[in-house]
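Chains as they are written, first to last, in this note's numbering: chain X, 55 to 262; chain W, 125 to 418.
Where is the CB? At the ideal position from N, CA and C, for every residue including glycine.
Okay, so here's the structure we're looking at.
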Amino acid sequence: MNILTILLLFTTLLLTRVSELKTAVRIIAIQSLMLAMACTAVGLETGEIQIYVAAVLTVIIKAGYLPYVLLDIVHTLQHEREDHPILNISYSSLAACIAIVLSYGLIDQALPGAGSRDALATAVAMTLIGLLLIITRRQAVMQIMGMITMENGIYLVGLSVTKGFPLIIELGVFFDVLVAVMVLSILTSRLKLSGLSTDTSILKKLKG
Amino acid sequence: MNIVLSVIQALGVVLLAPLVAGVIKTVKARLQNRRGPKVFQVYFDLIKLLNKDSVMSTTVSWIFKITPFIYFASGIAAAALVPVVTNTSSGIGDVFTLIYLLALGRFFLVLASLDAGSAFGGMGGAREMFIAILVEPALLLSMMTVAFKAQTTNLGIMAIMVQSSPLSLAYVFAAIAFFIVLIAETGRIPVDNPDTHLELTMIHEGMTLEYSGRKLALIFWAAAVKQLIMILLFILLFLPGNVFDGAIDIVIKVLLVAMVIAIAETSTNKLRLFKVPDFLAVSCLLSLLALVAQ
């Protein structure tokens, strides 16, 4: 479990350094897969069947179907790259490091006796780094990646604090993510068809 | 007893350093489908250079004349500090001492490159300082991950702790971080091309362009010693676990790391100078992860 949390943190840090959209989608797929493995580890610990179901659903939806859809979208956006985000690559990975240190500090302040300190801090860091990605990236697909990272972070918070939410809540979260990504993919295709690129900073031209 | 061992260790490192440099060259050549020079060729080059006179520009000061000796002496002193023969009782076997000795050598080399007044020397010196400013924090950070685990900065104690601990994810990250720093410190391909003959692309060789004869031999040798020191640090502080027994263990590991360096050099191309900070930032990130993972 400890190795998995460190690897999750590693993939999240990698995500702040990519500029190719295809690489970002692949990293998200690996991240969701490792999240499913962490979920399985928790399931092995508690032995409840619903956690296994949640792990399988994570693999199918977040590590299987979602990256497939996103890779399709990225394939149609042939020449799009995250060339100059608002915070450039070195600074965003530096900000991600600050987020990790901050999350460790926050956990120590807020929940001083928490058992799984590493997992909880990783989860909070993932949420913060996902937020950082949404704020500082111009490409719509990269913002989707940030949203999925935030979603994974919140999922991991649930795993580490309560050892697995009940299945109803998991299903609700999954469908929320699924619908959100479908809507975003339709919007991205529309942006591509009508505009010249999916760079969201060109939407500034819509101002009167 | 400890002093005698340290002196023998320093002599051993100094004498074997050109061999390791030769191994790296040969492996690189074989990977590029050439036969390459003999493994002992660097020794013959050094002997040839030591028999020649030094020609110096008329505008140089005492810094130019004294730098090769300082560079070589700092190399020998650092070689005595590397914990091959673990030396926990001596108070001078400290991480910071080692790093500052190497930095002292580099500082004088940069000064000497400016001293001769040639344009290429100044360019090489400026670039070397640019890279050094970024490499030193990365080097210290990766050393600190091991020092943090061992709760001390004494190299001997750190080495003993590392050699007896099992492989864990923190060590993997710290090892990759230090490998990146090793490539930057020894001036290998992603950071600086050691075989280049174009002065515009030189960094370390640009600083030594003005030297000839015996002084150049000392500088070559000291660069090879520095390389072997970094390789030994990599093995002793970042690769946990003894695979084979005794001294053969270190020899085999040094050769393996030399081959890995040659493979890493052949498989990438040189980074643009202003992309080097990104490369070293990856090293800092991995060190941070290694710290967190403990």
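Please list the partners that residue i has in chain W, where partner means a Cβ-to-Cβ separation under 8 angstroms.
| i | result |
| --- | --- |
| X:Leu12 | Residue 12 of chain X is absent from the structure shown; chain X starts at 55 and stops at 262. |
Mind pulling the chain X residues with CB within less than 7 angstroms of residue i?
| i | result |
| --- | --- |
| W:Leu293 | Ile57, Ile60 |
| W:Leu409 | Leu67, Ser147, Cys151 |
| W:Ala405 | Ser144, Ser147 |
For residue i, which residues in the same chain have their Cβ closer than 6 angstroms to its Cβ, ignoring the five residues on either side in sequence?
| i | result |
| --- | --- |
| X:Ala95 | Met55 |
| W:Gly241 | Thr183 |
| X:Ile81 | Thr65, Leu68, Leu69 |
| X:Thr254 | Arg192, Ala194 |
| X:Ala150 | Leu67, Thr70, Ile183 |
| X:Val211 | Ala177 |
| X:Leu238 | Ile198 |
| W:Met268 | none |
| X:Val231 | Glu205 |
| X:Ala173 | Thr59, Ser214 |
| X:Ala83 | Ala117, Pro121 |
| W:Gly249 | Val234, Ser237, Leu238, Met331 |
| W:Ala351 | The sequence given here has Gln at residue 351 of chain W, not Ala. Hits under 6 angstroms: Thr310. |
| W:Pro192 | Lys339, Leu342, Ile343 |
| W:Pro318 | Gly311 |
Please state whether DSSP places residue i in a helix, a strand or coil.
| i | result |
| --- | --- |
| W:Glu260 | helix |
| W:Gln287 | helix |
| X:Glu287 | The question about residue 287 of chain X has no answer, for chain X in this structure spans 55 to 262. |
| X:Asp253 | strand |
| W:Gln418 | coil |
| X:Gln85 | helix |
| W:Asp80 | Nothing can be reported for residue 80 of chain W, as the shown portion of chain W is limited to 125 through 418. |
| X:Asn206 | helix |
| X:Gln193 | strand |
| W:Asn278 | strand |
| W:Ala240 | coil |
| W:Ser292 | coil |
| W:Pro401 | helix |
| W:Pro93 | With chain W covering 125 to 418 only, the question about residue 93 of chain W has no answer from this structure. |
| W:Ile327 | coil |
| X:Phe219 | coil |
| W:Asn393 | coil |
| W:Asp373 | helix |
| X:Lys261 | coil |
| W:Ile313 | coil |
| W:Val208 | coil |
| W:Pro318 | coil |
| W:Ser407 | helix |
| W:Glu334 | coil |
| W:Gly229 | helix |
Leaving out five residues before and five after residue i in sequence, what residues of the same chain have Cβ atoms less than 8 angstroms from its Cβ?
| i | result |
| --- | --- |
| X:Ile143 | Thr70, Arg71, Ser73 |
| W:Thr320 | Met326, Glu329 |
| X:Val113 | Ser86, Leu87, Ala90 |
| X:Glu134 | Leu75, Val128, Gln193, Val195, Ser251, Thr252, Asp253 |
| W:Phe403 | Ile304, Ala308, Pro314, Val315, Leu395 |
| X:Leu221 | Gln104, Val107, Ala108 |
| X:Thr130 | Ser243, Lys246 |
| W:Val138 | Gly199, Ile200, Ala203, Trp345, Val349 |
Can you list the residues of chain X that residue i reaches, using a CB-CB cut of under 9 angstroms?
| i | result |
| --- | --- |
| W:Pro401 | Ser144 |
For the ligand NAP, is there a heavy atom less than 7 angstroms away from the beta-carbon of residue i?
| i | result |
| --- | --- |
| W:Leu225 | In the structure on display, the ligand NAP does not appear, and there are no ligands present to speak of. |
Kindly list the residues whose CB is nearer than 7 angstroms to the CB of residue i, restricted to its own chain and excluding five residues on each side of it in sequence; keep chain order.
| i | result |
| --- | --- |
| X:Ile208 | Thr181 |
| W:Glu389 | Lys152, Arg312, Ile313 |
| W:Lys149 | Gly160, Pro161 |
| W:Val406 | Ile304 |
| W:Arg251 | Ile327, Leu397 |
| W:Leu170 | Pro142, Ala341, Phe344, Trp345 |
| X:Thr190 | Pro139, Ile140, Leu141, Ser146 |
| W:Phe188 | Met180, Ala236, Asp239, Ala240 |
Indicate whether at least one CB of chain B lies closer than 8 angstroms to the CB of residue i.
| i | result |
| --- | --- |
| W:Leu225 | In the structure shown, chain B does not exist; the protein chains are X and W. |
**Prompt:** Residues in the region 127-160 of chain X with C-beta within 7 angstroms of chain W's C-beta atoms, listed in sequence order?
**Reply:** Result list: Ile143, Ser144, Ser147, Cys151, Ile154.
**Message:** In chain order, what are the residue ranges of uninterrupted alpha helix (DSSP H) at least 4 long that sit wholly in the region 116-186 of chain X?
**Reply:** 120-130, 143-164
**Request:** Go through the region 141-184 of chain W residue by residue and report every complete run of the alpha helix (DSSP H) that reaches 4 residues or more, in order.
**Result:** Within the region 141-184 of chain W, the complete alpha helix (DSSP H) runs of at least 4 residues are 165-174.
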